[in-house]
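First comes the structure, then the notes that go with it.
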Amino acid sequence: TLIRLYQDHEPVACHPRQTRPGDRVTLPDHLPPEALAWSLHDTQWCLQQAERIGPRCHTLIHTLFADRVLVNLRAAQGLLRLEQAYGALRLEAACARALDAGSARYRTVKTILAKNLDQGPAPDAATPLPATYTQGGRFCRAPQTALH
């Protein structure tokens, strides 16, 4: 079945009816030009843009695509869109910080930029825990003696 859309009693569009609740259909002809441009960008375009921004941004986008390309394509596009709001230098610094933290995710980079963490000094390396926490402590028994 088809859904027909009218404006002033004139047919404007015709879409196939979706069978599952919440599903949508958008014809490319009905998208605004800026939305159509983003929908046509593929993984190669994202990698080229990331390389233009900097090596750490390129590494982060490449890491996203290594996991699941189709799922992370929108995340990569969103990450590249952050350049419009924050600039290439800040985006590159945020990508470097996210990679150093071991979190190659859109949300991590966005949070780093929103909280201006890319402009501050990098956090120091974690200090090792004292022997009390790693070697069992003063009153702990070895697992072998606990069972006898």
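Residue 287, in this note's numbering, is where the sequence shown stops; the numbers in between run on with no holes.
Idealized CB from N, CA, C, for every residue including glycine.
None of these values were measured; they are calculated from a predicted model.
Which residue comes first and which comes last in the alpha helix (DSSP H) that contains Q157?
Where Q157 is concerned, there is no enclosing alpha helix (DSSP H), given that its DSSP letter is neither H nor E.
State the start and end residues of the unbroken alpha helix (DSSP H) segment that holds Q216.
From DSSP, the alpha helix (DSSP H) with Q216 extends over V208 to Y225.
Once DSSP output is grouped into helix, strand and coil, what is the label at L268?
DSSP places L268 in coil when its eight states are reduced to three.
Taking 8 Å as the threshold, find out whether the segment 169-185 comes into contact with the segment 223-243 through three or more Cβ pairs.
Because the criterion of three Cβ pairs below 8 Å is not met, the segment 169-185 and the segment 223-243 do not touch.
Using beta-carbon positions only, say whether L252 and C196 come within less than 8 Å of one another.
Cβ distance not < 8 Å, so L252 and C196 don't count as in contact.
Going by DSSP, what residue range makes up the beta strand (DSSP E) through L252?
Per DSSP, L252 belongs to no beta strand (DSSP E); it is in the alpha helix (DSSP H), Y245 to A253.
Using a Cβ-Cβ cut-off of 7 Å (strictly less than) and excluding sequence neighbours within five positions of R222, which residues of its own chain qualify?
A quick correction: the sequence has Glu, not Arg, at residue 222. Same-chain partners within the cutoff: I192 and L230.
Identify the residues that DSSP records as bridge partners of E149: which are they?
Answer is Q146, bridged to E149.
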